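Read the structure below first, then the notes.
Residue numbers (my numbering): 3 to 204.
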């Protein structure tokens with residue numbers, strides 16, 4: 003019988019703060035934020051004004067985003083009690099999960115939606131529900147960083163749902179999301195404005 007996973011202070015310390023074990027550095031997060039922000043603003047043809055960060059953890063993207071765009075409106079969604087108690091009010095992180103996103107009180111639309119290192123921990127029954135909720139609120143670009151069975155992965159393997167890249171693509175297509183490269187996707191609002199070679203694997 004496996005021990006239930008707890009997203010507590012020890013979990014975040016191990017995977018995100020301890021230099022010996024962390025899976026990503028603050029510098030790597032900053033580079034990722036600059037990349038995704040640049041893609042979104044290139045396609046929107048204006049600065050990003052609003053971001054929804056689903057499964058945001060401690061909200062590590064928030065500081066980088068606000069440093070680059072001080073007036074940006076950031077909303078996080080997270081299920082960790084530790085995160086909600088410690089950072090919820092200060093970082094505008096609301097209670098919820100990928101599968102319950104449609105039930106969370108959110109704005110009607112966001113320029114950028116971030117789902118970073120989350121999808122491989124989402125059960126099949128919740129995956130389409132969450133993607134549909136994202137598509138409904140997508141006014142620009144969604145960053146869906148996920149890892150497939152074809153990838154060599156280091157890090158937290160507990161509660162991992164093994165899916166191939168093609169399985170993920172089918173789920174994304176079903177939600178009406180069009181790939182534009184580097185884990186980024188657009189919805190119906192922007193898809194018609196992309197060039198043929200901007201669009202990735204169908």
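Backbone N, C-alpha and C fix where the C-beta goes; we use that ideal spot for every residue, glycine too. Remember, it's a predicted structure, so these values are computed and weren't measured experimentally.
Burial state of residue i (16 or more Cβ within 10 Å)
| i | result |
| --- | --- |
| residue 8 | exposed |
| residue 155 | exposed |
| residue 162 | exposed |
| residue 165 | buried |
| residue 44 | exposed |
| residue 25 | exposed |
| residue 69 | exposed |
| residue 126 | exposed |
| residue 67 | buried |
| residue 42 | buried |
| residue 113 | buried |
| residue 48 | exposed |
| residue 137 | buried |
| residue 197 | exposed |
| residue 64 | buried |
| residue 22 | exposed |
Sequence-distant residues of the same chain with beta carbon closer than 7 Å to residue i, five excluded per side
| i | result |
| --- | --- |
| residue 106 | 79, 96, 98 |
| residue 190 | 178 |
| residue 128 | 100, 101 |
| residue 108 | 54, 77, 139 |
| residue 150 | 165, 166, 167, 170 |
| residue 119 | 147 |
Contact belief for residue i with residue j at Cβ below 8 Å, rounded distance in angstroms
| i | j | result |
| --- | --- | --- |
| residue 179 | residue 170 | About 10 Å separates the two Cβ atoms, so there is no contact after all. |
| residue 181 | residue 201 | 7 Å |
| residue 51 | residue 74 | 6 Å |
| residue 90 | residue 111 | Incorrect: roughly 23 Å between the Cβ atoms, too far for contact. |
| residue 56 | residue 103 | 6 Å |
Where residue i sits in the DSSP three-state scheme
| i | result |
| --- | --- |
| residue 181 | strand |
| residue 113 | strand |
| residue 120 | coil |
| residue 43 | helix |
| residue 145 | strand |
| residue 9 | coil |
| residue 37 | helix |
| residue 31 | helix |
| residue 199 | coil |
Close beta carbons around residue i, own chain, < 8 Å, minus the five adjacent residues each side
| i | result |
| --- | --- |
| residue 62 | 18, 28, 31 |
| residue 59 | 9, 14, 18, 80, 82, 85 |
| residue 130 | 173, 176, 177 |
| residue 195 | 45 |
Same chain, Cβ closer than 6 Å to residue i, neighbours up to 5 away in sequence not counted
| i | result |
| --- | --- |
| residue 145 | 38, 116, 185, 186 |
| residue 11 | 84 |
Closer than 7 Å: residue i CB and nearest the ligand GDP heavy atom
| i | result |
| --- | --- |
| residue 162 | The ligand GDP is not among the ligands present in this structure, which contains no ligands whatsoever. |
Note to self: Could you tell me which whole beta strand (DSSP E) segments of length 3 or greater appear in the region 51-133?
What the structure shows: Counting only runs of 3 or more, we get 52-56, 75-80, 95-97, 112-118.
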